Structure formats: C-alpha cells, structure tokens
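Reviewing the structure listed below.
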Amino acid sequence: MNAEVSGLKNEEESLKSALSYKKSDDFVVTEARNKLNMVKKDEEIFAKPVVLGIKDESSDNQKPEKRIESNVSLWIKLFL
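So this is what it looks like as structure tokens:
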C-alpha cells in the first residue's frame with residue numbers, strides 16, 4: 002500500500018513539473034517554432050531553394066536513375 006502511494010506521489014510530482022513547463026513561455030516558443038513554423042519579430046529566415054529536376058551535392062551518393070525505355074524498344078531487345 003505504501004509503495005503504491007509513493008508511486009502515485011512521484012507520478013503527481015512529475016505531472017506537476019510537466020504542467021508547469023507547458024505553462025511556461027519556453028514551451029510556447031518551442032511549440033510555435035517546431036509545429037507552426039513561426040518566428041520571432043526581427044528574425045531572419047534562411048531557406049534553401051529547391052528546384053525540381055536539378056540535383057544537389059547530397060544526391061550524388063544515390064543510385065543513378067534507371068533509364069526508362071519504350072515498350073517497342075523492349076520488345077525489339079527481347080526478340081533480337
């Protein structure tokens with residue numbers, strides 16, 4: 002019985018600390034940045050532009066693209 006009571010008290014303390022953190026400004030700022038992509042006033046945003054069809058340096062380690070051939074050329078290769 003005492004073990005259960007002490008376990009519940011520990012859980013209560015951890016819940017109270019989690020609640021106090023979630024009421025703090027630090028939590029609000031973190032959530033706004035991470036989940037809502039918000040920024041503070043006077044902050045600069047740096048974004049890397051992405052252009053479709055152009056590979057960047059990080060894609061060099063990937064496998065080369067397989068060339069897509071037409072059905073006619075595949076049939077010709079099959080019979081010849």
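Residue numbers (the numbering used here): 2 to 81.
Glycine included, each C-beta is placed from N, C-alpha and C at the ideal position.
Owing to the predicted nature of the structure, the values given are computational and were not obtained by experimental measurement.
Item: What are the complete alpha helix (DSSP H) segments, minimum 4 residues, inside the stretch 24 to 58?; Value: 26 to 37
Item: To the nearest angstrom, report how far apart A37 and D43 are at their CA atoms.; Value: Note that residue 37 corresponds to Leu in the displayed sequence, not to Ala. In a straight line, the C-alpha of L37 is about 18 Å away from that of D43.
Item: Taking only the alpha-carbon atoms, compute the straight-line gap between P82 and V29 and give it to the nearest angstrom.; Value: Residue 82 cannot be examined here, being either before or after the span of the chain that is shown, 2 to 81.
Item: The alpha helix (DSSP H) that contains L81, what's its start and end?; Value: Unbroken run through L81: none, as it is neither H nor E.
Item: Is the CB-CB distance between A48 and M39 below 8 Å?; Value: no
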